[in-house]
Amino acid sequence: MIAAKVMDSIWSTRKADSLVGLKFVMLEVLGGSDAGRLMIAADTIGAGAGERVIVCTGSSARKMLDREDIPIDAVIVGIIDEDCKF
Amino acid sequence: MIAAKVMDSIWSTRKADSLVGLKFVMLEVLGGSDAGRLMIAADTIGAGAGERVIVCTGSSARKMLDREDIPIDAVIVGIIDEDCKF
Amino acid sequence: MIAAKVMDSIWSTRKADSLVGLKFVMLEVLGGSDAGRLMIAADTIGAGAGERVIVCTGSSARKMLDREDIPIDAVIVGIIDEDCKF
Amino acid sequence: MIAAKVMDSIWSTRKADSLVGLKFVMLEVLGGSDAGRLMIAADTIGAGAGERVIVCTGSSARKMLDREDIPIDAVIVGIIDEDCKF
Amino acid sequence: MIAAKVMDSIWSTRKADSLVGLKFVMLEVLGGSDAGRLMIAADTIGAGAGERVIVCTGSSARKMLDREDIPIDAVIVGIIDEDCKF
C-alpha cells in the first residue's frame, strides 16, 4: 500500500454509471523517492483534506467496495493515526 | 486512478479483432512528480482533446467495458469538471 | 496502454514450455517522462522493427492470447498508423 | 518481489473492517535505482524494525493471507537471512 | 516482461510455508531509463549468476508455477540467448 496525503475532492459530472455516488479525492504520495506523485482514489471512509491515509491499489482496491464490477484501481483503506510518525 | 489530459486520438488499423470499434486516446499524466508520462487509454465516454480525465488502469479497466476478454489495461472512467482545481 | 517502438526480436532457447512458438520483441517506451524505458512483449500481430505499437500490460495481456495459463504480462495489441502523430 | 527494510509500524484506528487485527509496517525499498521509495505492507511473519524482507505486491499479496476479500496489495512473504549479501 | 541480469541467490529461512523449496534470485533491470532497478524473482528454470533473463511480473507470474495460491509476483520465464543483442 502507499502512504499519501489527501489534497482535495475531485469532481466529475460525466463519469461511468457505476461510479455515481462514490467520493473521489486527489492524493499526494508521501515520503521517499516517490514523494510528490499524484493519484486519485475512491474514499468510503471519509478522509478529510490534510489527513494521511493508506491507499490500496490494483485489483485489491475493488475488494474494499465489495463490488467486482467497478472500474476502480485505488481506494483509501485506512487513515493513519495522527501520532504515528514515519 | 490517474489524472491526465487528453492529447490526441491514436489510430491503429492493424490491431486485435477485439479492439475494433474502440476509440483510443493519448494521455499526458497531470501534476506531481509523475507529470509528463504518456499513456494510451480506451475512451467510451467521449472525452475531447484538452479535457482532464480520470483514468483507471490494470484489470479494473476491463470492468468499464463489461467485457472480460479484452486486452485493455487503461480506460477513461470520468471527465474532471472544468471548475475543479488541483 | 503504452506507446512503444519495436527494437529487435528477443531469442530465448531455454524458456517456459507454454511460451514455445511465441515471438518476443524488445520495445522502447515512446515520448513523455517515461521515454527510453525498455520492455519485452509478446507479438502475435507481426510488428516489424521500427514500427510504433500499442502495448497492453498486466493480466489483460493474457486476454490477447486467449490463454489464461500463460506467464505473459505484456503483449502488442495494435500497430500505430504511420501518419498518426503524437 | 521487492527487497525492502522495515522502518516502523503504521497505526490506523479508522480503517476497513476487514483489516482489523492485521499488522502494517512502513518499508523502504532497498538498493538499485528505486531505492528510498516507501511502501506500506501487511506483516503476518513478524518482521522487526531494521530487518530486510521480501515483499510481494499486487493481487498475489492476497494469496499470503488466504483471503480473497481483503483490500491488501503488499505483504511481507519472507525475511532475508542476515548473512545474505546483495 | 522485463529484461534483467541475475545477480545472486536470495536466502530466506523465515518465509511463507507456500514458498518453501522455491529458489529466489536478485535481479538487476537491464537497459533503458529503468536500468539498475533491483527486483527479486522466483526461478524454476535454473538461471545462473550473470545470465540475462526474461521476467514476468504480476498475476501472470503465478501461471509459471501452476499454482494459484502462491504469493509470488515475479518469475523468470526464459533465459535470453547469449548471442542475442539488445
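Residue numbers (this note's numbering), protein chains in the order written: chain A, 33 to 118; chain B, 33 to 118; chain C, 33 to 118; chain D, 33 to 118; chain E, 33 to 118.
For every residue, glycine included, the Cβ atom is placed at its ideal position computed from N, Cα and C.
| Asked | Found |
| --- | --- |
| Environment of D/A81 [buried if 16+ CB atoms lie within 10 Å] | exposed |
| Residue closest to D/A48, alpha-carbon to alpha-carbon, out of D/F118, D/A35, D/I102, D/A106 | D/I102 |
| Same chain, Cβ closer than 7 Å to A/R94, neighbours up to 5 away in sequence not counted | E100, I102, I104 |
| Same chain, Cβ closer than 8 Å to E/G68, neighbours up to 5 away in sequence not counted | E60, V61 |
| Interface flag, A/F171 vs chain D, CB-CB below 9 Å | Any property of residue 171 of chain A remains undetermined from this structure, which presents chain A solely from 33 to 118. |
| Sequence-distant residues of its chain with Cβ nearer than 6 Å to C/D75 (five each side left out) | K55, V57, I108 |
| Distance CB(D/K117)-CB(E/D40) smaller than 9 Å | yes |
| Cβ-based burial, D/V52 [other Cβ within 10 Å; buried from 16] | exposed |
| Coarse secondary structure for D/A81, derived from DSSP in three states | coil |
| Per-residue burial, D/G64 [other beta carbons within 10 Å of its own, 16 or more giving buried] | buried |
| Own chain, CB closer than 8 Å to A/I111, minus 5 neighbours either side, in chain order | I77, A79, E83, R84, V85, I86 |
| Buried versus exposed, by CB contacts within 10 Å (16 or more), E/T89 | buried |
| Straight-line gap, C/W43 to E/K37 (C-alpha atoms, nearest Å) | 15 Å |
| Cross-chain neighbours of D/T45 in chain A, by beta carbon under 7 Å | D113 |
| For E/M74, the first and last residue of its enclosing beta strand (DSSP E) | The identity of residue 74 of chain E in the sequence shown is Ala, whereas the question assumes Met. 70-74 is the span of the beta strand (DSSP E), which, as asked, contains E/A74. |
| CA-to-CA distance, D/S91 to E/S92, given in whole angstroms | 10 Å |
| 9 Å Cβ cutoff met for C/S70 and E/A73 | The displayed chain sequence assigns Leu, not Ser, to residue 70 of chain C. Not a contact, by the Cβ cut-off of 9 Å. |
| Residue from A/S50, A/R46, A/T45 whose Cα sits closest to the Cα of A/D98 | A/S50 |
| Rounded separation between B/M96 and B/M33 - CA only | 13 Å |
| Cutoff 9 Å: E/L62 Cβ touching any chain C Cβ | yes |
| 7 Å Cβ shell around B/T45 - same chain, five flanking residues per side excluded | none |
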